[in-house]
Structures are given as C-alpha cells and as structure tokens.
Amino acid sequence: MFGFVFLALLSGTVTGCKSIPNTNTSEEIKLLDDTLFPLHHAFAVESSEEIFHLEEDALLFAEHAVNQKGAFKKDIKKFVKTIFEHSDKGMRYRNSANTTANVTFNNRAANCLSLSIMTYALAEHAGLHAKFFEVDIPEYWTRREGYSLLNGHINLRVSLPSDYKSSVIGEKWADVDFDPQALRNLFPRVAVSKEKVIAMFYNNKGADAILANSYTKAYSYFRAAAKIAPELQQSWANLGVLYRMVGAYEQAENVYKYTLSVDDDNLTAWENLSILYRYQGKTEEAARISEMVKRKRLDNPFYHYILGEQALEQGDIEFAVEHFKAGLKLDDKNHEILFALARAYLLQKDMIMAQSYIKKAARHSDNEQDRLRYTAKLSSLPSNTGPR
465 MFGFVFLALL
475 SGTVTGCKSI
485 PNTNTSEEIK
495 LLDDTLFPLH
505 HAFAVESSEE
515 IFHLEEDALL
525 FAEHAVNQKG
535 AFKKDIKKFV
545 KTIFEHSDKG
555 MRYRNSANTT
565 ANVTFNNRAA
575 NCLSLSIMTY
585 ALAEHAGLHA
595 KFFEVDIPEY
605 WTRREGYSLL
615 NGHINLRVSL
625 PSDYKSSVIG
635 EKWADVDFDP
645 QALRNLFPRV
655 AVSKEKVIAM
665 FYNNKGADAI
675 LANSYTKAYS
685 YFRAAAKIAP
695 ELQQSWANLG
705 VLYRMVGAYE
715 QAENVYKYTL
725 SVDDDNLTAW
735 ENLSILYRYQ
745 GKTEEAARIS
755 EMVKRKRLDN
765 PFYHYILGEQ
775 ALEQGDIEFA
785 VEHFKAGLKL
795 DDKNHEILFA
805 LARAYLLQKD
815 MIMAQSYIKK
825 AARHSDNEQD
835 RLRYTAKLSS
845 LPSNTGPR
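For the sequence shown, the working numbering gives the first residue as 465, with consecutive numbering after it.
Listed below in structure tokens is the structure:
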C-alpha cells in the first residue's frame, strides 16, 4: 500500500517517488514564482513540531506499548503490533489520510506516510530509534476526485538505540509497513531524512489542495516542500502541474525541463510536458513524447489498470474490460485489477463473471481489510446467474 503522491495529470494525475540529487539550490529557488500566488502567505503550513506532535493519550500509549513486560524489558515487535491493533478494527489503511501524527493516532487510519510519521513520533517518545526509508516501487496509480494519482511508498524501521543496556525481548528492530514482508522484500529502499519526509507531507497536502481547487494553498505547500527539501522530485513535478493549471505555461515548462535535466527517466515529467505542449498547440511534439511514455509503460500492469479505471469513469465499459484484461496478462494475481474487472462485469450485469473475479480478488488479497471488503461486496450481490 502506498501513500505519497505526484500529480501527473493523465486526465488529471498526481505523482511520486524519485529524488533530485542535491544541486544548485539557487537555481531551484528561481523556479518558484510567488507573483502568481501573492496571497500564499495566508495559507500557513504545519511546522515540523505540529506534524510530529502527540498529545498525552498518545504518549501514554507509546510508553505502555514498548514496556508491556516491564520498564526495563523493551519488546520492539510487540510495540509495532500494538500500534496496528490500536482500535477494535486495527489501524486501517486510507490512501487519502495525509494527516499529522496526533490526528492519525486519533483517527486510527493512515496511509504509508502518515503511518510512518505517527510511528516515528511514538517511537521517539518511547526511547527507540526510528529511520525513514523511501521504497523504489514501480509506477502505481489510484483514482481520487477524477484525478489519477501516481503513488510513492515509504516505510519505517524501529530499533533499539545503540547505547541501550537493559533487557530485550525478541528482535532488536522491526519494520513498520502496511505491506507484508514478502512484498516489501521485492523492492530496494533507501534511508531518507526527517526533512525530506516533512517535504513529502507538504507535497501530499499540496496535492490535496489541487484536488480541492485551492491553488494558492497548493502553491504554499509545494513552495514549503521545495524550501525544506529541494531534492524531492515530486514536489517540483506537482508545481509544474499547478503552473499549467493557472495558465503559467512558461513557468511549467521550465519546471518540467529542470526535472528532466536531472532525471531523464522521469516518465511523469515527460507526460506532463506532453500535456503542456497539447495546451500550447505543439501537437507533434506532444504526440512524440506521449508515444514514448506509452511504450515504456506497456509492461506495467498498473498502467493498464489506471486506463481501465479512467474508461469506467467515462462510461466505456468494454474499453475498461480490455485494459483490465491486459493488466491481468502481466499480473494475473493482482487483486486490485481482479476486483476492477469484477466491477466492470457488474456494470454489464454479468453476475457470474463478477462473482468469479471478486472471489479471485479476495483469494489473492494480501491484507485482511481488502479481503473483508471483497467478501462484503460478494455477499451483497443478487443471486442472478448470468448477464441480462
């Protein structure tokens, strides 16, 4: 499961995952244009202290979670397990939960970023060491408010401090992630700083603001992300999208070309540049770039998945079915694509095929929350046995 985003704007898109190497900060700052959003100071962003702040009940929870066997016997695995069991139904995954540590604790819902931020704060109070990691996942999209959101992934490792002298129960470290260990092991990861995580938080909040059509607020967040961690690539890509949306085409092109100058493989930046060129009437250049991006994405099952989701929203069910099937040819155990295909068959009133694919989705799901959702959907279906 994933949690921080880029705005790619396929028909709307929001993005995430590589970083720009530390380069000339003055050159990057020139890409910010405050004159386009003169009231951006009216939208104050959360401080680092506010993002990681925990109130008294959360602090007591952290102390109890790590010291369940006694004050001098820390159990890291139990600490993490207790966090995930922090409610009757456990910690729920919610892709849009771009919340501070304390809000996440109270809501009992998180995405990978807000889960990592909350757990970092809890671990720090409990006297543990915590380190953030950015995971290099393939491109993966979700849909929100008519936009395609390209998601990045982050997780956390909690461990005992190097100078810890008291008793330890079990392992000295544990990873905190919604995804199971077997899936996490498939992708490399790299440690990232707390400052970069704060920038990711600002980036997500800026994307939320774009989805809410609050463009000045979005600029305030992207600007804050660029200031605290200019190496965070997705905040620049999203800033380019914002510039285009307010008609600042020259500024948008400058941002995209800068991003591509440090990472020529950034398909999201290329895609956004293609969209910009279409707006500018540069149709041949736009088509050339769009075809290049498409070729590079054809082997990604989630590319077909998001095209299918967009087709469903546009009412083209047959086209959606074609894309979902293409995705399953590349990954026939992907529960999200299986369930998407089931939804398409439901729209075609084909109950037999819908039930079959919902069962497959439940069987291949890697978490209980999705399995329960699929099972509930299956139980709600009428007993019809074929298309009408």
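Using N, Cα and C, we set each Cβ at its ideal position, and we do this for glycine too.
Quiz item: What did DSSP end up calling R572 once you bin it into helix, strand or coil?
Solution: To locate residue 572, count along the sequence shown from 1; it is residue 108. DSSP places R572 in coil when its eight states are reduced to three.
Exercise. Compare the beta carbon distance of F651 and D727 with 8 angstroms and say whether it is the shorter of the two.
Key: By one-based count along the sequence shown, residue 651 stands at place 187. By one-based count along the sequence shown, residue 727 stands at place 263. No, these two residues do not count as a Cβ contact at 8 angstroms.
Quiz prompt | Span of the beta strand (DSSP E) around E598 | solution = As a first step, residue 598 must be located in the sequence shown, where it is residue number 134. H593 to V599 is the extent of the beta strand (DSSP E) around E598.
Exercise. With DSSP collapsed to three states, give me the class of D639.
Key: Looking up residue 639 in the sequence shown gives position 175. Strand.
Quiz prompt | Same chain, Cβ closer than 6 angstroms to D795, five either side skipped, listed in chain order | solution = Within the sequence shown, residue 795 is the residue found at index 331, counting from 1. Closer than 6 angstroms at the Cβ level, and outside the excluded window around D795, lie P765.
Exercise. Give every residue of the same chain whose Cβ lies closer than 6 angstroms to the Cβ of V656, excluding the five residues on either side of it in the sequence, and list them in chain order.
Key: Numbered from 1 along the sequence shown, position 192 holds the residue referred to as residue 656. Closer than 6 angstroms at the Cβ level, and outside the excluded window around V656, lie F596 and E598.
Quiz item: Does the Cβ of K538 have 16 or more other Cβ atoms within 10 Å, making it buried, or fewer, making it exposed?
Solution: Stepping through the sequence shown from its first residue, residue 538 is reached at position 74. K538 should be labelled buried.
Quiz item: Three-state secondary structure (DSSP) at H550?
Solution: Position 86 of the sequence shown, counted from the start, is the residue given in the question as residue 550. Three-state DSSP puts H550 in coil, outside helix and strand.
Quiz item: Taking C-beta to C-beta, are H589 and L496 nearer than 8 angstroms?
Solution: In the sequence shown, residue 589 corresponds to position 125, counting from 1. In the sequence shown, residue 496 corresponds to position 32, counting from 1. Contact: no.
Quiz item: Is the segment 700-714 in contact with the segment 550-565, if contact means three or more CB pairs nearer than 8 angstroms?
Solution: no
Quiz item: What is the rounded straight-line gap between the Cα of L579 and the Cα of K824?
Solution: Along the sequence shown, one-based indexing puts residue 579 at 115. Along the sequence shown, one-based indexing puts residue 824 at 360. The alpha-carbon atoms of L579 and K824 are separated by roughly 29 angstroms.
Quiz item: Per DSSP, what kind of secondary structure is N677 in: helix, strand or coil?
Solution: If you number the sequence shown from 1, residue 677 lands on position 213. Correct three-state label for N677: coil.
Self-check item: Contact the segment 728-740 vs the segment 710-719: 3+ CB pairs below 8 angstroms
Solution: yes
Quiz item: How is T606 classed by DSSP in three states: helix, strand or coil?
Solution: For the purposes of this step, residue 606 is taken as the residue at position 142 of the sequence shown. T606: strand per DSSP, three-state reduction.
Practice problem: Have a look at L724 and Y767 and give me their C-alpha separation to the nearest angstrom. | Solution: One-based indexing of the sequence shown puts residue 724 at position 260. One-based indexing of the sequence shown puts residue 767 at position 303. Spanning the two alpha carbons is a distance of roughly 21 angstroms.
Quiz item: With which residues is A750 paired in a DSSP beta bridge?
Solution: Locating residue 750 in the sequence shown gives position 286, where the first residue counts as 1. The partner list for A750 (beta bridge, DSSP) is empty, contrary to what the question assumes.
Quiz item: Taking the Cβ atom as the reference point for each residue, do W605 and L614 lie within a distance shorter than 8 angstroms?
Solution: Locating residue 605 in the sequence shown gives position 141, counting from the first residue. Locating residue 614 in the sequence shown gives position 150, counting from the first residue. Their beta carbons are under 8 angstroms apart, which means W605 touches L614 by this criterion.
Exercise. Would you mind sorting N486 into buried or exposed? The rule is 16 or more other CB atoms within 10 Å of its CB.
Key: One-based indexing of the sequence shown puts residue 486 at position 22. Low confidence applies here, because N486 scores a pLDDT of 48, under 50, leaving its location unreliable; read the following figure in that light. Its Cβ having fewer than 16 others within 10 Å, N486 is exposed.
Quiz item: Taking three-plus beta-carbon pairs below 8 angstroms as touching, is the segment 496-508 in contact with the segment 563-572?
Solution: no
Self-check item: Q778 classed as buried or exposed, judged by whether at least 16 other C-beta atoms fall within 10 angstroms
Solution: Start at 1 with the first residue of the sequence shown, and residue 778 comes out as number 314. Exposed, since its Cβ has fewer than 16 Cβ neighbours within 10 Å.
Self-check item: alpha helix (DSSP H) runs wholly inside the segment 706-781, at least 4 long, in chain order
Solution: 713-726, 731-743, 747-761 and 765-777
Quiz prompt | As assigned by DSSP and simplified to three states, the class of V654 | solution = Locating residue 654 in the sequence shown gives position 190, where the first residue counts as 1. V654: strand per DSSP, three-state reduction.
Quiz item: Any idea what DSSP makes of V622, helix, strand or coil?
Solution: Taking the first residue of the sequence shown as 1, we reach residue 622 at position 158. Of the three classes helix, strand and coil, the one that applies to V622 here is strand, per DSSP.
Exercise. State the beta-bridge partners of Y838 as determined by DSSP.
Key: Working through the sequence shown from its first residue, we reach residue 838 at position 374. DSSP lists no partner for Y838.
Quiz item: From R558, S820, M582 and A529, pick the residue whose C-alpha is nearest to that of E514; which is it?
Solution: Against the sequence shown, residue 514 aligns to sequence position 50. Checked all of R558, S820, M582 and A529; the closest Cα to E514 is M582.
Quiz prompt | Reduced DSSP secondary structure (H/G/I, E/B, other) of R556 | solution = In the sequence shown, counting from the first residue as 1, residue 556 sits at position 92. R556 falls in the strand class under three-state DSSP.
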